[in-house]
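In what follows, a single structure is set out as structure tokens and then discussed.
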Amino acid sequence: MSRPALIEPAVAERVLARALAGGGEFAEVFAERRRGASLAIDESRIESVQSGAEEGAGVRVIAGGTTYFAHVDGLDPADLERAAGEAAAALGSERVEPRPLRAVRASPLPIERQPEDVPAGRKAELLRELDERGRSAGGEIAQFSASYMEARREISVANSDGLFTGDDRTRVRIGVQAVARSEGSVETGAETLGAHRGFELFDGDPARIAEQAARKALALLEAGPAPVGSMPVVVGGGFGGVLFHEMTGHGLEADHVQKGASVYAGKLGEQVAQPLLSAYDDGRLPGEWGSDAIDDEGVPTQKTLVVEDGRLVSFLYDRLRARRDDVPSTGNGRRESFRHLPIPRMTNTYIAPGEAEPEAMIAEVPKGFYAVSFGGGQVDPATGDFVFGVSEGYLIEGGRVTRPCAGATLIGNCLDALNAIDAVGTDFEMKTGICGKGGQRVPVGTGQGHVRIKAMTVGGTQA
Amino acid sequence: LIELAKSAVETALAAGASDAEAYASEESGREVRVHGGTVESLTAATHRGVGIRAWRGGRVGFAYGTDLSEAGISAIAAKAAEAAALADEDEFATPPRPAAGAQVAGLSDPTVSEWSSAKCVELALAVERAALEADSRIAGVEQAVYADSADRVAISSSTGVAGEFEATSCFAYLQALAESDGGRETGLGFDLARGPAGLDPEAIGSEGADRAVAMIGAAKPPSRACPVVLDPTVAASFVALIGGAVGAGSVQRGRSPFAGRIGEEVASEALVLHDDGLDPDGANSSPFDGEGVPRRRTALIEEGRLRTYLYDTYTGRRGDAASTGNAGRGGYRSLPSVAASNLLVAPGALSFADLLREAGEGVYVTDVAGLHSGVNPVTGVFSVGASGRTIEGGELGAPVREFTIASDLVSMLRAVRGAGVEARWVPFGGSVRTPPLLIGEMTIGGS
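If you're matching them up, the sequences are chains A and B in order. The letter at position 165 of the first sequence is residue 165 when you use the working numbering, and the numbering goes up by one with no holes. Position in the second sequence (first residue = 1) + 1000 = the working numbering.
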């Protein structure tokens, strides 16, 4: 199904010409129509039912090292020209004539059932199913809440290199949170399920995530304080992939690298991990949360090998930074919306499956920590210091997983920790995340199997 | 704009709502990013949109959009009314009532519109320069940023709420990079004001440089439990978390460590906390909140006791209390929900040197990371990444990094042994004004 572009080619050409009127070597217009809806269930009541519709455009001009950017709400030709006028650099610098536009057809990811066409009542029903499953997981489940969201972004991109293309993206996601309570103890468990897909994602048994979240909360009721100190750490599959996302992925984004604000700057071709580790950023994984047909600059997404057998082989580029390094863009120029400038961002980032059996990995640890899943993480790419909040963690004693621990955080430095990964599991799973950078939030996929780090600092309260 | 909001309310009523409220806003803003003495990007932005809340008895729905034509508003109103039909009945869901308005002086600073973009670029460049010139060990600046905005907000409801105000704000920050012995350190400098004339580029630049340089040669401290001094930026991050936990929304749903604790001792007497939506210097000050209820000043913790929770109209009705004017709203795109306005920690009597002396042997924390994942908002248990300096013999010692500090929010509040004299506004995770705080004991996770 192909939909008409959000802007007429003739209008786009006029806007680009206007944008370059004051000078500059590159101009682009990014038009977008966004629609979304969400609802939640809390205390077994459907609430926060909402929807939104927005359209607008961002125009940017690159002149010398400077980007001039203006964005407006609305897609009337007059709105677009106003934005172009504001972005037009009054530099009197060398001026480039925009090339005539040549339409490039991108193939949006297939959506079987447009969520917009699914009756709203069905979405409420889905939340009630989640609620029921979560609450029936155990008498100690004191609170349960769940949310549903759908979002559709239609985009058109035209630039002075003559590119004219577009994409139509639909994502759906559900999230659940369970609170378990027993004598003197309160614990939470959360889980999500999302994809760059339509409502078909919820065929099968989506309510299993309600049970998973509830089980997690119930398991933690028995939790003792987390240990403190340096020890071997086994990280679980799926959202454990946020480990690589923070530890390495951000440091590979070319904007950080080019400013010398990444610990990976100047390390291309070097061994940064043990040979057992290979990792990818892949914006083309079918239906994945972080996938798109093209990035937000119109460049087709791709599968990029970033670490090959422990060797750093590629950074992640948008157009601007690729031009600076004289390499092709890797299709990682992403933006939250027409209100933001594209910057290098990850899509779906993961450590490829390895050769170790997860059970064996744990069995080899006399005393350590098992981080099954994280609540999230954060890194300073310049120093490499990172931190992860553990949402479900256990002690490993004598090669066996023993008691659950509450409130643990993992902390370390990228280069040391990446190099300290001494086992990668045969299992594999992808999970969904929302990544924030420079005030922009974009959907990203993270993935891996079980991974073991020889030594890492666990920060709990039990000294 | 208020006329637009009023007509949106009428449209929603015509679409079948029993009551309706419209929140309309118009915003213009710009942002300058500089790097290496040149402008990296210059952004000009305008936003305009409306969010409509529609009630059908005790059912509420919400819709927003940017199409403000008559047809556009009709579509948004219809969506809101439709959304209400899907929601379940909630006896406490009623529209806010009008009340006499509060006033805040000086919300709008003319220098925002008076300053040309070229002048703003100059300011950002001056911030960067100040950092580079502050110390020879500063190797560069990752980015220096200046941004400002001018907003106009109007709210109208079928129950008679009607209000409009204008506010401006701006901020500048930079991330300085210090280098030595192959190691790299970063340091953040920032400031915020109503207008660019209120910013001090020198101070911002040198703060970033000082913070980066101070971390050179940092090592991992040993694991232990010891006194901790939180600098205002770090204290503010924790205070913002506390502000979230005393919101009646999480309390009523049993998801707050402060639930059921009104009147109880939840802090030491050294910690006095207010929410003040009318402080002329507060970034979140306004005459009324996100649903048109007048802002006010509310005592949260005094004499160590929890005085009240923060309420919006819904939680107020449910908790048999009046709204404290704390309906927060992230613009026309979001439903209102309980949120702190500006949180103020009362300054104490101790100078910074006194705080260190009182601490004796411990850690001075100047930065924390991982707050969004390292804190359990239901239990208040936290463990977050930190960096700073050791405190030895009551004085600042060597820089330390890559460790965690762990406790829980209530234990931390009870362990506050002193507050500094000098307070500072910090915009992280909310709007907070706080002095440095001395915490009697926290767990340090290091080597």
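Yeah, the Cβ is synthetic: ideal placement off N, Cα and C, and Gly gets one too. No experiment lies behind these values; they were computed from the predicted model shown.
The alpha helix (DSSP H) enclosing residue i, as first and last residue numbers
{"i": "ALA363/A", "result": "358 to 363"}
{"i": "TYR1454/B", "result": "Chain B is shown from 1001 up to 1447; residue 1454/B falls before or after that span and cannot be answered."}
{"i": "GLN1252/B", "result": "1248 to 1252"}
{"i": "GLU1122/B", "result": "1117 to 1134"}
{"i": "ASP1354/B", "result": "1352 to 1359"}
Beta bridge counterpart(s) of residue i as assigned by DSSP
{"i": "ARG34/A", "result": "GLU54/A, ARG153/A"}
{"i": "LEU130/A", "result": "According to DSSP, LEU130/A bridges with nothing at all."}
{"i": "VAL458/A", "result": "GLY229/A, LEU410/A"}
{"i": "VAL1365/B", "result": "LEU1230/B, GLY1388/B"}
{"i": "TRP1055/B", "result": "ASP1019/B, VAL1060/B"}
{"i": "THR67/A", "result": "ILE62/A, SER1041/B"}
{"i": "PHE374/A", "result": "VAL390/A"}
{"i": "SER522/A", "result": "As shown, chain A starts at 1 and ends at 463. That puts residue 522/A outside it, with no answer to give."}
{"i": "TRP1425/B", "result": "ARG1433/B"}
{"i": "ALA1406/B", "result": "SER1383/B, THR1443/B"}
{"i": "GLU397/A", "result": "LYS367/A, ARG400/A"}
{"i": "ASN1284/B", "result": "ASN1284/B is not bridged to any residue."}
{"i": "GLU1082/B", "result": "Answer is none; GLU1082/B lacks a bridge partner."}
{"i": "PRO110/A", "result": "Bridge partners of PRO110/A: none, in fact."}
Separation of residue j from residue i, as counted between CA atoms
{"i": "ALA273/A", "j": "THR1443/B", "result": "32 Å"}
{"i": "MET1/A", "j": "ILE155/A", "result": "Its pLDDT being 37, under 50, MET1/A is placed unreliably by the model, and the measurement read from it follows with that caveat. Each residue's alpha carbon lies about 15 Å from the other."}
{"i": "ASP281/A", "j": "THR446/A", "result": "9 Å"}
{"i": "GLY1249/B", "j": "VAL1127/B", "result": "41 Å"}
{"i": "VAL1009/B", "j": "GLU1021/B", "result": "6 Å"}
{"i": "ARG1296/B", "j": "GLY1247/B", "result": "15 Å"}
{"i": "ARG1253/B", "j": "GLU43/A", "result": "8 Å"}
{"i": "GLN448/A", "j": "ALA322/A", "result": "28 Å"}
{"i": "GLU1264/B", "j": "ARG1305/B", "result": "5 Å"}
{"i": "GLY52/A", "j": "GLY198/A", "result": "18 Å"}
{"i": "LYS123/A", "j": "ASP131/A", "result": "13 Å"}
{"i": "PRO1427/B", "j": "LEU1192/B", "result": "8 Å"}
{"i": "GLU211/A", "j": "ASP205/A", "result": "11 Å"}
{"i": "GLY1208/B", "j": "VAL96/A", "result": "39 Å"}
{"i": "THR1038/B", "j": "ALA1139/B", "result": "16 Å"}
{"i": "GLY1393/B", "j": "GLY1217/B", "result": "20 Å"}
Residues that residue i contacts on chain A, provided the C-beta gap is smaller than 9 Å
{"i": "PHE1428/B", "result": "Under the 9 Å cutoff, chain A gives no residues; its nearest Cβ is about 13 Å from PHE1428/B."}
{"i": "GLU1040/B", "result": "GLY65, THR66, THR67"}
{"i": "ASP1088/B", "result": "ILE41, SER44, ARG45, ILE46, GLU47, ALA124"}
{"i": "GLU1361/B", "result": "Chain A residues near GLU1361/B: none, gap ~15 Å exceeds 9 Å."}
{"i": "ARG1184/B", "result": "GLY260, ALA261, VAL263, ALA382, THR383, GLY384"}
Partners in chain A for residue i, counting only beta-carbon separations shorter than 7 Å
{"i": "ASN1376/B", "result": "THR188, GLY407"}
{"i": "HIS1372/B", "result": "GLY376"}
{"i": "ARG1255/B", "result": "GLN143, VAL179"}
Closer than 9 Å at the beta carbon, the chain B residues around residue i
{"i": "GLU397/A", "result": "Result: empty, since nearest Cβ-Cβ is about 19 Å, beyond 9 Å."}
{"i": "SER291/A", "result": "By Cβ distance, chain B contributes nothing, its closest Cβ being about 24 Å from SER291/A, past 9 Å."}
Interface residues of chain B facing residue i [CB-CB closer than 7 Å]
{"i": "ASN413/A", "result": "GLU1402"}
{"i": "TYR264/A", "result": "Residues of chain B passing the Cβ test: none, with the nearest at roughly 12 Å."}
{"i": "SER48/A", "result": "LEU1335"}
{"i": "HIS71/A", "result": "ALA1045"}
{"i": "ARG339/A", "result": "ALA1045"}
Within chain B, the residues that residue i reaches when beta carbons sit closer than 8 Å
{"i": "ASP464/A", "result": "Chain A is shown from 1 up to 463; residue 464/A falls before or after that span and cannot be answered."}
{"i": "GLU74/A", "result": "Sequence check: residue 74/A is Gly here, not Glu. Per Cβ cutoff of 8 Å: THR1066, ASP1067."}
{"i": "SER156/A", "result": "None at all; the shortest Cβ gap to chain B is about 17 Å."}
Residue span of the beta strand (DSSP E) that contains residue i, given as start and end
{"i": "GLY1187/B", "result": "1183 to 1193"}
{"i": "VAL1432/B", "result": "1431 to 1434"}
{"i": "ASP1148/B", "result": "1138 to 1157"}
{"i": "TYR1173/B", "result": "1162 to 1180"}
{"i": "LEU1300/B", "result": "1297 to 1302"}
Contact set between residue i and chain A, taken where Cβ atoms lie within less than 8 Å
{"i": "SER1447/B", "result": "GLY229, SER230, THR457"}
{"i": "GLY1049/B", "result": "GLU54, ASP73"}
{"i": "SER1383/B", "result": "ALA226, GLY389, GLY407, ALA408, THR409, GLY459, GLY460, THR461"}
Practice problem: Starting from the N-terminal side, write out each stretch of the beta strand (DSSP E) that is 3 residues or longer and does not extend beyond the segment 200 to 258 of chain A. | Solution: 229 to 235
Self-check item: Ranges of the beta strand (DSSP E) found wholly within the segment 293 to 356 of chain A, counting only runs of at least 3
Solution: 303 to 308, 348 to 351
Quiz item: If you scan the segment 137 to 183 of chain A from start to end, which runs of the beta strand (DSSP E) of 3 or more residues do you find wholly inside it?
Solution: 141 to 159, 163 to 182
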